[in-house]
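If you count the sequence shown from 1, you need to add 32 to reach my numbering. To start, the structure under review is shown below, and the notes come after it.
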Amino acid sequence: MSITQLVAGGNCAVPKESLTVEVQLTPTQLNGVDVDISAFVLASNGKVRGDEGMVFYGQPSPGNGSVALMGNTAGQATFKVNLPTLDAVTEKIAFTATIHENRQNFGAFQSLKVTVKTANTTVLEANINTGGMIESALILGELYLRQGQWKFRSVAQGFAGGLQPLAEHFGIEVSSPTPSPAPAPAPAPAPKKPISLSKITLDKSRPTVSLEKKTEGFGEIRVNLNWNRAATPPKTGGLLGGLFGGNSNGRVDLDVGCLYEQADGSISAIQALGNRFGSFHSEPYIELKGDDRTGAISEGEWLHINGQQWQKFRRILIYAFIYEGAPNWAQTDGVVTIYVPNEAPLEIRLTEGSNNLGMCAIVLLENDRGTLKVNREVRYFNGHQELDKAYHWGLNWRAGSK
């Protein structure tokens, strides 16, 4: 079956089933440029019905999850769209890309491609010519319903401004980045809280952030590790082939895990290696939600921390290690995102590291008299034992496998 190639303005029918929509920029990374890829679930008037109609890094799977952002690494993103489970009033889903803080325009990229797939087939590709573009926001394409048939149209339309004006164009109420200086009026029924588009990148210039103590706890803290699974491994054994198995299928296997120390001094680890998956609702109140051993789970790997039990923790060190396949850390485009309810997502990118050191201490969460202190680490080690020693944890380690 041939793949339909769309130019700007072209459209193609798609089956009413579960679809994957992939967006990829070339190159995937430009120095200092962060591209946010989002989707808007729209009614017949071209507007969202509520804030759950925006699918982006701050809420990757809102509503019933019919449209979900499953993977979002540097310059590429994957959406799952389950057309049969969409709300009956949904008639369009628009896919967009914006450059964070307008630090560049899309003319700096060589190309941009949108691919739509079913479970077994690539249905279409829309290649967008970015040459000469001066915009920092784009409406890439849209799935839309016409006379009972779902179709995809390549739009490739530039849009003035960044993510906020684009969101407001589709009817999203966006919270102001700074509070109003005017005094508050008399108490009134609390309006729905506007959606926040802010996010915080922890890097060398801003390595630490503290979240204020909350009497009700921090809720469900979700830690996501995502990466580029298509990074090419070494062709032969060599140093990395010997260390990490060679991974002949060309995929990368990164594993996320953590060391934790509780307030009573007890210590242990959560990771897939050794089948130490933990528990969210009981001790240790940390759970690894599955291990992506095949590279097929596009949303990556998740650690869930029960923030209602934050008083029981002293510190948690989140780490990742190359189980097999990646020739270097920069090529994985690895990114860890920490989601805390009612807080801006925290993002840490793994863009450094020696390619003969297979372990990275990414971020240290500390209980500082009830606050949640988040410290960017991004330190590389030869393995678990070396990392343990550097952070003075005191566990005993032995070889294991999955």
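Ideal placement from N, C-alpha and C gives every residue a C-beta, glycine not left out.
Could you check the C-alpha separation between residue i and residue j for me, to the nearest Å?
i	j	result
Q61	T147	19 Å
L378	T403	16 Å
V395	G194	29 Å
E205	R408	31 Å
C290	I350	4 Å
N388	L419	15 Å
L305	R81	44 Å
N374	F111	23 Å
P116	S298	48 Å
S50	N414	42 Å
D400	K246	12 Å
T52	A376	27 Å
K48	A169	29 Å
L286	Q363	12 Å
E248	L397	18 Å
W334	Y317	14 Å
V187	E54	15 Å
T162	L144	7 Å
I160	F191	15 Å
P94	E84	5 Å
I131	A75	26 Å
L229	D235	19 Å
R167	W361	Here residue 167 turns out to be Glu, not Arg, going by the sequence shown. E167 and W361: Cα-Cα distance of roughly 31 Å.
A129	I171	7 Å
G426	I302	15 Å
P239	T233	9 Å
N96	K321	19 Å
K405	T383	23 Å
S300	D365	28 Å
K79	P92	19 Å
G203	S314	41 Å
I354	L38	38 Å
I253	Q179	43 Å
F345	V67	35 Å
W259	R381	10 Å
I437	S237	Nothing can be reported for residue 437, as the shown portion of the chain is limited to 33 through 434.
K149	A158	12 Å
G164	H201	24 Å
G139	L257	29 Å
V372	E244	12 Å
Our contact map puts residue i next to residue j with C-beta atoms below 8 Å; I'd like the distance itself, whole angstroms only.
i	j	result
A422	C392	At roughly 12 Å, the Cβ-Cβ gap does not stay under 8 Å, so A422 and C392 are not in contact.
V255	I370	5 Å
V65	Q142	13 Å between Cβ atoms; not a contact.
N43	F184	6 Å
G310	G251	That pair is no contact at about 18 Å.
Q343	A295	7 Å
S488	N77	Outside the shown range of the chain (33 to 434) lies residue 488, about which nothing can therefore be said.
S207	P226	4 Å
Exposed or buried, residue i, counting other C-beta atoms within 10 Å across all chains shown (16 or more means buried)?
i	result
A199	buried
N134	exposed
I35	exposed
P59	exposed
H336	buried
G332	buried
R430	exposed
G390	buried
L101	buried
Q181	exposed
A120	exposed
V46	buried
V367	buried
N428	exposed
P197	exposed
N63	exposed
H424	exposed
S212	Because the pLDDT at S212 is just 41, under 50, the model does not fix this residue reliably, and the value given afterwards should be weighed accordingly. Exposed is the call here.
E293	buried
Cβ pair count under 8 Å reaching 3, the segment 146-166 against the segment 90-106: no
* Report the residue ranges of all alpha helix (DSSP H) runs contained in full by the segment 113-183; include only those spanning at least 4 residues, in chain order. => none
Review point. Does the pairing of the segment 65-77 with the segment 85-93 give three or more beta-carbon distances under 8 Å?
Key: Look at the beta carbons and you see the segment 65-77 touching the segment 85-93: at least three pairs across the two are nearer than 8 Å.
Sequence ranges, alpha helix (DSSP H) only - wholly within the segment 44-68, length at least 4 = none
Review point. Hey, is the segment 109-126 in contact with the segment 174-193, meaning 3+ C-beta pairs nearer than 8 Å?
Key: They touch, by the three-pair rule.
Runs of 4 residues minimum, wholly inside the segment 337-424: which ones carry the alpha helix (DSSP H) assignment? 361-364 and 416-422
Runs of beta strand (DSSP E) lying entirely within the segment 70-112, each at least 3 residues, in chain order: Qualifying beta strand (DSSP E) stretches, in chain order: 99-105.
| task | For the segment 220-249, list the alpha helix (DSSP H) runs that are entirely contained and at least 4 residues long, ordered along the chain. | result | none
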